[in-house]
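This report concerns only the one structure given below.
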Amino acid sequence: MEIGQLRAFVTVAEEGHVGRAATRLHLTPSPVSRSIRALEHELGVELFVRSHHSLELTEAGRAALPRIEAALRSLEEARFAARQAAGQLAPLRLGSTHFAPPHVVDRVVATICAFLAGAPGQTRASDAPDAPDDLDDLDALDALDGGLADLIHNPSSELLPALDRGELDLALVHLPVDDPSLDVLPLVAYRLRVAMRADDELATRTCLHLADLRDREILLTPTRLQPVAMRRLTDRLEQVGHAHVVTMREQDLLLLANTIRRSRQLTLTGSVNSGPAGRVFADPVFALVPLAPGEIDFQLGLAWSRATAARDARITAVVDHLRDAFPPR
């Protein structure tokens, strides 16, 4: 029985689809299917009921899933304990939703790298003689061994399970997070904008309330990518009596922008500096009008697993350092 087979089984169980599981595992579907068949042969049972479009767990699969998840967690703990004993701790693994404002992500990465590089014993980055004075200056970090692996970009819906499985140590996600096994540190809040054509009658306004949009159709990206945050958004729209919400089937920002460009539909997004979701509306044919304070604020925070933090003191130290670097406003 191979670890890859166990990871393939858990990922397919979560996705219900070999293709989506393969994408998450950075594989093609064929080796994922082979891993599942090999595991079924090893166990002597069928783990999935296969249909044309999806896979569902059998009774045997449902019985095996929590035990295999626990086995993978134990293997991760064993790997960490062995490396710690040998003085060979792996770099911390950080993920980020690709909807996060880039300047915030850059600042978080720079702060963590400077802290870890200047503080092997978890001393503060500001106390380290080689730490850069300006933590926003990423060029100053070139010479530092930051102790941070390459940043992984994925939707929140993939980052949060990866924290649970021990595949990530920290993740920047939109809040709230409803997984009780995870802790979060709020970092920044930012106001949403209403994106529309520049010749729209609302484009001349300096600020909008949700009530101003009640008779307009609002087009939103799929909720499954950031399920809790997007559910909070749609609940808020329903609360103010907005009945004209259309959700796209796929996450296609260019299609979203082109649809807004050729219709009277509106969408909610960040500023042009907040990431790809806002940058697609940088063309002067569009107008971005901020929502009034308190209408809908999106919050970005750092999430981590309590179980992972319990065995790796670096995580708690990094979180405490970021708490000082991002004081509440």
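Mapping to our numbering: the sequence shown position 55 is 56, numbers consecutive.
C-beta atoms are modelled at their ideal positions from N, C-alpha and C, and glycine is treated no differently.
In the structure shown, the three-state DSSP call for Gln6 is helix. When the five nearest sequence neighbours on each side are left out, the beta carbons in the same chain lying within less than 7 Å of the beta carbon of Phe10 are those of Ile37, Leu40, Leu48 and Ile69, in order along the chain.
In this model, Glu77 and Ile153 are separated by some 19 Å (Cα to Cα). For secondary structure counted as the beta strand (DSSP E) over 3 or more consecutive residues, the stretch 53 to 104 holds these complete runs in sequence order: 56 to 58 and 95 to 97. Rounded to the nearest whole angstrom, the C-alpha separation of Val174 and Gln300 is 9 Å. Burial is judged here by how many other beta carbons sit within 10 angstroms of a residue's own beta carbon; Thr270 has at least 16 and is buried. According to DSSP, residue pairing for Met197 in a beta bridge involves Ala288. Listed in chain order, the non-local C-beta contacts of Arg94 below 6 Å within the same chain comprise Ala150, Leu169 and Asp170, local neighbours out to five positions each way being set aside.
Counting C-beta pairs with one atom in each stretch, the stretch 108 to 118 and the stretch 272 to 292 have fewer than three that are closer than 8 Å, which means they do not touch.
By the C-beta density criterion, Cys114 is buried, having at least 16 other C-beta atoms within 10 angstroms. Per DSSP, the unbroken beta strand (DSSP E) holding Val50 starts and ends at Phe49 to Arg51. Membership of Val189 in any alpha helix (DSSP H) is not indicated; the residue belongs instead to the beta strand (DSSP E) covering Leu183 to Arg192. For Arg84, same chain residues with a beta-carbon under 8 Å away, outside a window of 5 residues either side, are Leu90 and Ala91 in chain order.
Ser34 is a Cβ neighbour of Val19, given a cutoff of 9 Å. Here Arg307 has Ser182, Leu183 and Asp184 as same chain residues with Cβ atoms under 8 Å from its own Cβ, once five neighbours each way along the sequence are excluded. Under the DSSP definition of a beta bridge, His175 partners with Leu301. Under DSSP, His154 takes part in a beta bridge, and its partners are Ser97.
Taking each of Val178, Asp321 and Asn155 in turn and checking the Cα distance to Arg232, the smallest one comes out for Val178. The continuous alpha helix (DSSP H) containing Thr317 extends over residues Ala314 to Ala326.
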